[in-house]
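Numbering (my numbering), first residue to last: 74 to 848.
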Amino acid sequence: MSHEGLGVIALISGGKDSFYSVLHCMQNGHRIIALANLYPPSLDAPTGLLEDKKDLNSFMYQTVGHEVIPLYGDATGIPLYRQPINGSAVHHERDYAYDATEEGVDETESMLPLIQSIKEKHPEANALCSGAILSTYQRTRVESIAVRLGLTPLAYLWKYPVLPSPMIPKNEAQLLIDMEVAGLDARIIKVASAGLDESHLWERVSSEAGSNRVKHALHKFGAVDGAALGEGGEFETLVLDGPACLFKKSICVPDQSRVAVREGGGSTWLATRGAQLQEKNIFSEDLANNARVPSLLDSRFAQVLEALTERPQVVLEHTTKGSDARPLSKVGPNCVNDSELLSWSFIADTNFETEMIKEETRSILGKLREALTAHSLDEAQLSTVVIILRNMGDFTKINQEYGTLFKSPNPASRVTISCGDLLPDGRNIMIYITVPPASQTLERGGLHVQSRSYWAPANIGPYSQAIDIPILRDQRAPGPRSVYIAGQIPLIPHSMTLPASSSTSLVEQITLSLQHLWRIGTHMNVQQWTSVVAYFDKSASEADMRQKAELAGRAWNIMHAPVEEEEHVGELDPWDLKYNSQHMSLAGSADSNPKPLPDFEVFPMRQQNEPETCVPPFFAVEVTELPRQSTIEWHAHMGLSGLEEASTQLVSHAESQLGGWRSWSMIVRGDSGTFVLTALAQLEKPDTKTDVHGTMAEAQDTYADSIRRLGVDSTDGVPPRPYMMYVDMENLSGWRRKDSILKLPCAVIPSHSIWTADGKKAFCVALFRAYMSAA
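Structural data, given as structure tokens:
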């Protein structure tokens, strides 16, 4: 299935997840080079008394069942390498950061010498797989080791429970049933939950009957979602057998060799002795790999694809009509202030030849570091970055320099596009940065998945899928948060390749990349988007670009149409349950189920009754080239989470009200104030060309008019600057003048053309954000 077969080192614990992950590696065309296992150091000096042995209860490693693990090498015919666990859990943070200077060794680092030694023996190995399902704690630690050793991390079970299921409604234990179909024999070897007792030990959990018994027992005690899979440590398993494509022999543990060890607090595990291999009668048909690969598209996006494929030429009626604004309560005149977020634009001071892109990037990053230092900030606080290149072929070169910025987990989210010769002469890269000020109390969250999975594309570079921060100053958690998501291109997650070219390739790419945006947004608890741009590569004609805009706009509108309430599968990370006191607010509800996206309940009832007024603005922007030669890249300007019911309003003003411009304002009310995010689109072609400063000034005046219609005036009569503008370069003058480009008034995206969802041309799109304190 994959276009690139990798040589995989498979981390195994003896449990069900690690071996099912191995089957998925094989299903994706990879070769398992070696098995790697870490075991408790006590096994090196056994006392001979089972009762004296203690389970380490590691949050990283499974440490029961290790008496059986030496048999896996012969059982599978794959070399097995083992090493004792060294150290303890020094870092309890969810996202792992390696620090060579710190005192004390984190148990994660035990993997490093083991995997290094395997690489030396098997130089063909270039990937590392693990069985992480929902645990960011485990996934980020394996990724840290893999990336440092130059290995591709694989986590095919990541988010597996929330992917398309063969059953409707979803069975929370579907993964266990899938393991049964694949032929895994996984037994419960430890219980650590009030819902499970010793009677469940040695239960074959990889079966419908066994999974149902476990599920029912846990539900009696109000277990959270994911418990039926043992994700919160409710139980641990030991695999005795599997399909012949992996297990050439099975393992047998005699009944009399299993002894229960009671640790107290409801925790009991089985010590095993006398395990032995058994021969298997293997026929050719037994070699099949039946590991279930989830469908590429969720049901909602399959419907989007069908709708776009059936009627690709349909011209849309513009559905985003907005609504009349009620006055902003407790806000008087002259009280609009700029958002506290800092927005910086960086471009080289002097001309650079195209082959000097590394030097040019280095000079810009030097300016960025100076700006951060001047504001008492560091790179770990960056929220989002937009990089514009002249040549997309330079992406790898600039990535090497850009990657030197970040030493901490969860680097800024990033959007990368190429605008070709639309860039000013002598400039090959521009970088735009958003960062909160140092004075703001900040609870910064993020998602950085570097592993291949079936869920969403891996971020193999120095950028996160998403970063989230509070949106209101002096905010006390819980409260509304802004989520910045990286640009999403239509890579097939498990292979990291684009869909094969076909007559439906365009609609497939539009749909798949939009699903990536939705999945990441849902994981980050996004309830609403403020606005979105779909970047497209250079089109053959204006008609071609118009069709692309209409298709993407239609997909956007379909995803904002009301749907019947679906049963959501919880995605709460086990780390949150153990360490994060804010997990209830971050998850949106006490039962950990995510809010729907979009969540119409955040709007007033009057607007909910008119769902066409709840669709955030969409724009299609034609640039020159996109990463990996994809056709489309979705860029959601901001996602909003932590919104209360009826706390948000989307207001639109038509061109007739704003002199040829149209506005959309997302108004978010919180205890400490109101946040207004406005998108303006210039839909009437200007009479004369003007430079970027003149275009911005016109956008500012229009913005001032639009917020006056919301019931407020700008501070001292001077409206804030936009933080980003998209400009049709045919209507811009003086762009290449040195005095113009060195003093960019905001982030400026030079564009071949700009379009609305209904295929109308726009000439400028300007984005504003403003904060209004409560009276």
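Glycine is no exception: its CB is placed at the ideal position from the N, C-alpha and C atoms.
Terminal residues of the beta strand (DSSP E) in which residue i lies
i      : result
Gln755 : Gly746 to Gln755
Distance between residue j and residue i (C-alpha atoms, nearest Å)
i      : j      : result
Ser357 : Ala317 : 9 Å
Ala660 : Ser779 : Low confidence applies to Ala660: its pLDDT is 32, below 50, so where it sits in the model is not reliable, and the reading given next is rough at best. Computed Cα separation, rounded: 34 Å.
Phe479 : Ala485 : 9 Å
Ala255 : Ile158 : 31 Å
Ala219 : Ala200 : 7 Å
Thr382 : Glu623 : 13 Å
Val488 : Gln135 : 38 Å
Ala616 : Lys834 : 11 Å
Leu445 : Val81  : 40 Å
Ala300 : Ser729 : 56 Å
Glu245 : Arg463 : 48 Å
Val95  : Leu713 : 37 Å
Ile490 : Ser846 : 36 Å
Leu389 : Asp744 : Low confidence applies to Leu389: its pLDDT is 41, below 50, so where it sits in the model is not reliable, and the reading given next is rough at best. Those two C-alpha atoms are separated by around 39 Å.
Cys492 : Thr697 : 5 Å
Ile502 : Ala361 : 50 Å
Met465 : Glu193 : 35 Å
Arg435 : Met632 : 41 Å
Gly315 : Ile324 : 10 Å
Pro113 : Glu180 : 11 Å
Met802 : Ile827 : 10 Å
Leu108 : Phe320 : 13 Å
Pro793 : Ala839 : 12 Å
Lys232 : Gly807 : 49 Å
Glu166 : Pro759 : 53 Å
Ile533 : Leu257 : 31 Å
Thr392 : Pro510 : Residue confidence for Thr392 is low, a pLDDT of 40 falling below 50, so the modelled location carries little weight; the figure read from the coordinates is stated next. Distance between the alpha carbons of Thr392 and Pro510 is about 37 Å.
Val866 : Glu271 : Within the shown structure, residues of the chain are numbered from 74 to 848, placing residue 866 beyond reach of any answer.
Thr829 : Ser91  : 47 Å
Ile461 : Ile420 : 10 Å
Gln523 : Val278 : 30 Å
Ala170 : Ile542 : 20 Å
Ile355 : Lys322 : 9 Å
Ala531 : Thr423 : 35 Å
Lys293 : Met798 : 55 Å
Glu849 : Leu269 : No information on residue 849 is available, as it lies outside the stretch 74 to 848 that the chain covers here.
Val458 : Ile504 : 7 Å
Opposing strand residues paired with residue i [DSSP bridges]
i      : result
Gln722 : Ile740
Cys687 : Partner(s): none; Cys687 has no beta bridge.
Ser714 : Arg554
Cys325 : Gln349
Gln561 : Trp707
Ser416 : Thr507
Arg331 : Thr345
Gln156 : Leu111
Phe692 : Val606 and Thr829
Lys263 : Glu309 and Trp342
Phe841 : Thr751
Leu84  : Ala109
Trp734 : Leu731 and Gln755
Alpha helix (DSSP H) segment containing residue i, residue limits
i      : result
Ile780 : Val765 to Arg781
Arg283 : Looking at the sequence shown, residue 283 is not Arg but Gly. Where Gly283 is concerned, the enclosing alpha helix (DSSP H) stretches over Glu281 to His292.
His589 : Ser578 to His596
Pro186 : Met184 to Lys194
Ser604 : From DSSP, Ser604 is part of no alpha helix (DSSP H); its letter is neither H nor E.
Asn630 : Glu615 to Ile631
Ile151 : It is not in any alpha helix (DSSP H) - Ile151 carries neither H nor E in the DSSP assignment.
Lys89  : Lys89 to Gln100
Glu253 : Gln247 to Ala255
Met678 : Met678 to Gln681
Residue-level contact to chain D via CB, residue i, 8 Å cutoff
i      : result
Ser524 : Annotation note: the requested chain D is absent from the structure, which comprises a single protein chain.
When you compare the region 566–586 with the region 256–265, are there three or more beta-carbon pairs, one atom per stretch, that lie closer than 8 Å? No, the region 566–586 does not touch the region 256–265.
Output the residue ranges of the beta strand (DSSP E) runs that lie fully inside the region 474–535 and measure 3 residues or longer, sorted by chain position. Runs of the beta strand (DSSP E) inside the region 474–535: 486–491, 502–508 and 518–520.
Given 8 Å, three or more beta-carbon pairs between the region 603–622 and the region 700–710: Yes, since at least three Cβ pairs between the region 603–622 and the region 700–710 fall closer than 8 Å, the two stretches touch.
Are the region 143–153 and the region 221–235 touching by the rule of at least three beta carbon pairs closer than 8 Å? They do not touch, by the three-pair rule.
Within the region 429–467, note down every full beta strand (DSSP E) run reaching 3 residues or more, in order along the chain. Within the region 429–467, the complete beta strand (DSSP E) runs of at least 3 residues are 457–462.
Pair every Cβ in the region 284–294 with every Cβ in the region 235–249, then say whether three or more of these pairs are closer than 8 Å. The region 284–294 is in contact with the region 235–249.
Considering only residues of the region 194–218, which uninterrupted alpha helix (DSSP H) runs meet the minimum length of 4 residues and lie entirely inside it, listed in chain order? For the region 194–218, there is no continuous alpha helix (DSSP H) assignment of 4+ residues that stays within its boundaries.
Across the region 685–693 and the region 576–585, are there enough close Cβ pairs to call them in contact, namely three or more that are closer than 8 Å? Counting C-beta pairs with one atom in each stretch, the region 685–693 and the region 576–585 have fewer than three that are closer than 8 Å, which means they do not touch.
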